[in-house]
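Encoded as structure tokens, the structure appears first; notes follow it.
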Amino acid sequence: MFKRLIVATDLSPASFAVVSCLGKLKAYGAEQCLLLQCLSFSEAASTALSYNTVPLEEMLNEQKNILEEQGFKVETRTVVGVPRQEIIRIAAQEDYALIVVGAQGQSLVEEKLLGGVAYGVITKTVKPVLVVPTAKKKGEDKACEPVARCNFTDHILFATDFSEMAAHAFTYVEQLVAHGAQQVTLVHVQDQTKLEKHLTTRLPEFNEFDRGRLDSMKQSLLKRGNPQIDTEVCYGVPYAEITRLIRERNVQLVVMGSQGRGFVGEFFLGSVSHNVVRQSVAPVLLIPGSR
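Take 1298 as the starting number for the sequence shown in the working numbering and just add one per residue.
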């Protein structure tokens, strides 16, 4: 399902951490990687003036070797332009199935590609984006390491607001199960801020209805594979409840729609999914709406 993917790199320690933990994507059909370095116009000019591109080429080849050792066929490419625009353009024009970027700690990383560029990619792309968190190594200022949770087939958490966009994202969960995902947790969070003023008395009614909807989704997944499936209806702040479950249940991959209309027509998963990306200790697969 993800045969061809773009791995965006700025050759930072964080990007080295990202490329080192993608091997388990091969379970979902990943075969070919475009290792894409995007230089801004100012960075390209500075590199040209230095007359020495050897260090950059060596680091790019080092990352290529890391990916090849994990079994991928790898092409490297360096382009000049606005990085987030170039990533989105190439993914769309050349029909890549997935874009991989990185995040670090409790916020999108501050380095250019994996910070503002990553945010720009996940808000504008029409292709799925896998955001992989990394962490700084203890006692080392610049070194980074990938999160331990990169066994993408072990335990998937899917969070839904039952919007059309979330329903589209669920079709990817169905494909992941068909490719051998072993465990899935289906989650819906009753948004406390929407219900506490006037509708808390109806919470048992809402819970019963939504548990039924999650059970229907469970039955759909069981037709495509034989995973262990749990369902959860929670009450609270959506992103906080989702990230709590990610931590407590050793989730290896989170799947969410990147936008969605939730209660009374307000945007729900758009902001929730971005907050989950900032807080999650597991990689997050964001699925944009079908267009």
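For each residue, glycine too, the CB sits at the ideal point set by N, CA and C.
What are the boundary residues of the beta strand (DSSP E) that includes residue i?
| i | result |
| --- | --- |
| M1553 | L1550 to G1554 |
| T1373 | K1370 to V1377 |
Determine whether the beta carbon atoms of residue i and residue j lie at a separation below 8 angstroms.
| i | j | result |
| --- | --- | --- |
| I1396 | A1305 | yes |
| K1361 | Q1329 | no |
| L1331 | R1381 | no |
| Y1536 | V1578 | no |
| Y1393 | R1301 | yes |
| P1585 | T1422 | yes |
| F1449 | L1322 | yes |
| V1428 | L1319 | no |
| Q1390 | L1357 | no |
| I1387 | I1453 | no |
| Q1576 | M1298 | no |
Among the options, which residue has its Cα nearest to the Cα of residue i?
| i | options | result |
| --- | --- | --- |
| T1528 | A1456, L1492 and G1522 | A1456 |
| R1508 | C1531, P1425, A1464 and K1491 | C1531 |
| I1419 | A1579, M1553 and E1366 | M1553 |
| R1510 | F1467, L1542, V1578 and E1493 | F1467 |
| T1497 | G1533, Y1325, P1430 and L1473 | G1533 |
| T1490 | F1506, L1473, V1569 and N1448 | V1569 |
| V1484 | E1538, R1446 and M1462 | E1538 |
| A1324 | V1429, M1356, C1447 and A1400 | C1447 |
| S1309 | E1359, G1320, F1338 and I1303 | E1359 |
| P1501 | D1512, S1513 and Q1487 | Q1487 |
| A1311 | A1400, L1364, V1581 and V1376 | A1400 |
| I1363 | S1339, G1378 and F1313 | F1313 |
| I1543 | V1581, K1515 and Y1416 | V1581 |
| F1338 | E1383, E1354 and R1499 | E1383 |
| L1458 | F1506, Q1576 and Q1472 | At residue 1458 the sequence reads Asp, which differs from the Leu that was named. Nearest C-alpha to D1458: F1506. |
From what residue to what residue does the alpha helix (DSSP H) around residue i run?
| i | result |
| --- | --- |
| V1581 | Premise fails: V1581 lies in the beta strand (DSSP E), V1581 to I1584, not in any alpha helix (DSSP H). |
| R1301 | Note, R1301: premise wrong, no alpha helix (DSSP H); beta strand (DSSP E) at R1301 to T1306. |
| D1507 | L1500 to L1519 |
| Y1325 | Neither: Y1325 is in no alpha helix (DSSP H) and is coded neither H nor E. |
| Y1416 | A1415 to K1421 |
| Y1536 | P1535 to E1545 |
| Q1329 | Here Q1329 belongs to no alpha helix (DSSP H); instead the beta strand (DSSP E) covers Q1329 to L1336. |
**OP:** State whether the region 1520-1536 contacts the region 1474-1486, with contact taken as three or more CB pairs (one from each stretch) at a distance under 8 angstroms.
**Re:** yes
Original post:
Hey, which unbroken runs of the beta strand (DSSP E) at 3 residues or more fall wholly within the region 1455-1495?
Top reply: 1480-1488
Original post:
Would you call the region 1510-1520 and the region 1542-1554 in contact, with 3 or more CB pairs under 8 angstroms?
Top reply: no
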